[in-house]
């Protein structure tokens, strides 16, 4: 995914294990890391981009039934992230 300033977002696993959590890394056009966010997501159900925000919907690493339990809201401009827990009904 391309960032507003021509950098890229890379979604990757924390390790080669099949149940590893997903990491999000932003790189500039030269490939240098700009910011990095570890998540507790093992899978991604949906991704939606609205302007300079990315909404990533997934179950947490403790949720093995595939239900969406959390949404990560990520600013593409600076990498700031907030996670909303649907079960608890609040940001964590």
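Residue numbers (full-length UniProt numbering): 1 to 92. Ideal placement from N, C-alpha and C gives every residue a C-beta, glycine not left out. These figures come from a predicted structure and were not determined experimentally.
**Item:** When 33, 91 and 22 are compared against residue 58, the one with the closest alpha-carbon
**Value:** As a working mapping, residue 58 is identified with position 58 in the chain shown. Of the candidates 33, 91 and 22, the one whose C-alpha sits nearest the C-alpha of residue 58 is 22.
**Message:** Just to confirm my understanding: we take residue 84, look at its own chain, exclude 5 residues before and 5 after, and list those with CB closer than 6 angstroms. What are they?
**Reply:** Here residue 84 corresponds to residue number 84 of the chain shown, with the count starting at 1. So the list reads 71 and 91, once near-sequence residues are dropped.
**Request:** Could you check how far apart the C-beta atoms of residue 3 and residue 76 are, in whole angstroms? I think they sit under 8 angstroms.
**Result:** Against the chain shown, residue 3 aligns to sequence position 3. Against the chain shown, residue 76 aligns to sequence position 76. Right, their Cβ atoms sit about 5 angstroms apart.
**Prompt:** For residue 16, does the three-state DSSP call read helix, strand or coil?
**Reply:** By 1-based counting over the chain shown, the position of residue 16 is 16. Of the three classes helix, strand and coil, the one that applies to residue 16 here is coil, per DSSP.
**Endpoints, beta strand (DSSP E) assigned at residue 44** = Counted from its first residue, the chain shown places residue 44 at position 44. Where residue 44 is concerned, there is no enclosing beta strand (DSSP E), given that its DSSP letter is neither H nor E.
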